[in-house]
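Before any comments, here is the structure.
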Amino acid sequence: MHSAPDDALKEYRHALTATQCRAPDDLERRMIEDLHRRDDIKDATADQVSAWEQLIWLATGNLEVSWDPRLKTPTSIRTWQQFDGAAADAMSALDRELMPIIKRMLSFDPARDSITRAPTESSPMIGFPGSATGGTSHRFRCKRLHDGLPVVGAFLNIVVVPSPLRSGSWMASVSANWPRDLPDARTPPAIAAEKAEALAVASDPGSSSTLERNARLVIAARHLPPRLVYEVEIRDDAGDPWLVLVDAATGVIVSRSIQVRQ
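As numbered in my numbering, the sequence shown has no gaps in its residue numbers, which increase by one up to the final residue, 262.
Take a look at the structure:
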């Protein structure tokens with residue numbers, strides 16, 4: 001997977017000294033050593049581990065990472081790195097400093113992956129540990145496209161909050177569901193959209209369902225392993241809307257779920 005701890009630390013320290021003019025301190029060194037001893041990240045790529053080490057250095061040890069061995073990526077990254085200035089300055093610094101590293105930890109492939117970001121959500125905070133003033137939190141909700149298809153169930157949420165440690169500073173946390181291994185969506189699926197629609201309409205033999213909306217090809221990441229599926233919206237004879245997922249390779253119904261009325 002990657003080099004032995006001592007070799008990796010030697011190479012990493014040399015790279016940091018050359019580019020950042022600072023080698024890891026004792027805390028960062030211990031964190032890097034612990035990282036290389038973790039059994040749950042045995043499937044991590046060398047680049048994921050390298051990015052993790054870089055984030056340890058950037059966050060000066062103020063870092064917590066939760067790793068999901070099924071997704072083969074982090075599901076939570078919490079760093080207490082300080083971003084000084086106004087909220088807009090913190091967000092710019094996050095994009096400039098943190099996002100490139102986070103993308104590497106998530107095995108983001110710029111040739112096949114893209115991120116769409118919803119408008120920033122800002123909300124007042126009732127309080128924050130160590131802070132008497134509370135403040136405003138800012139949340140970024142990001143969705144993923146892979147080979148041009150939406151990855152349903154994959155997300156990347158980033159929250160920037162006022163720092164309780166220093167006035168005018170901010171801290172960031174990241175939560176993600178970002179499977180590393182996704183199906184190749186560059187070739188046409190075995191099942192045509194019209195076939196998927198017919199299978200969805202017939203998925204409940206006891207109901208005379210009708211097609212509500214044409215099938216949409218997506219990558220379903222809620223159902224491991226991720227797979228290509230058609231999302232088909234139908235309406236049963238009682239008028240209730242349903243979302244049916246049809247496996248695009250086999251035609252098997254993956255799931256049927258009733259949709260909440262608005």
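From the three backbone atoms N, C-alpha and C, an ideal C-beta is built for every residue, glycine too.
Is residue i buried or exposed, if buried means 16 or more other CB atoms sit within 10 Å of its CB?
i, result
"E64", "exposed"
"A51", "buried"
"R38", "exposed"
"R227", "buried"
"M125", "exposed"
"L27", "exposed"
"I258", "exposed"
"A154", "buried"
"S123", "exposed"
Alpha carbon to alpha carbon, how far is residue i from residue j?
i, j, result
"F108", "G251", "29 Å"
"E121", "R256", "31 Å"
"R30", "L145", "36 Å"
"D147", "R180", "14 Å"
"L71", "N177", "8 Å"
"F140", "G206", "43 Å"
"S131", "P164", "Any reading at S131 must be qualified, since the residue scores a pLDDT of 48, below 50, and its modelled position is unreliable; no value is offered."
"D89", "A196", "48 Å"
If you check the beta carbons only, do residue i and residue j fall under 9 Å apart?
i, j, result
"I219", "L149", "yes"
"E233", "L199", "no"
"L58", "L98", "yes"
"P69", "D43", "yes"
"W67", "D34", "no"
"V229", "L217", "yes"
"D84", "S173", "no"
"C142", "R117", "yes"
"T60", "D25", "yes"
"W242", "S208", "no"
Check residue i in the structure and name its three-state DSSP category.
i, result
"L145", "strand"
"R117", "strand"
"L156", "strand"
"W57", "helix"
"V201", "helix"
"W178", "coil"
"A90", "helix"
"I191", "coil"
"L165", "coil"
"R256", "strand"
"H36", "helix"
"P110", "coil"
"A196", "helix"
"P74", "strand"
"I234", "strand"
Just to check my reading of the structure: residue i and residue j have Cβ atoms closer than 8 Å, yes? What is that Cβ distance to the nearest angstrom?
i, j, result
"A193", "A215", "4 Å"
"I102", "I77", "6 Å"
"M91", "H138", "7 Å"
"I191", "V246", "7 Å"
"D240", "D204", "About 11 Å; that fails the 8 Å criterion."
"D47", "R104", "6 Å"
Output yes if chain D places a C-beta closer than 9 Å to the C-beta of residue i; else output no.
i, result
"S137", "Chain labels in this structure do not include chain D; a single protein chain is all it has."
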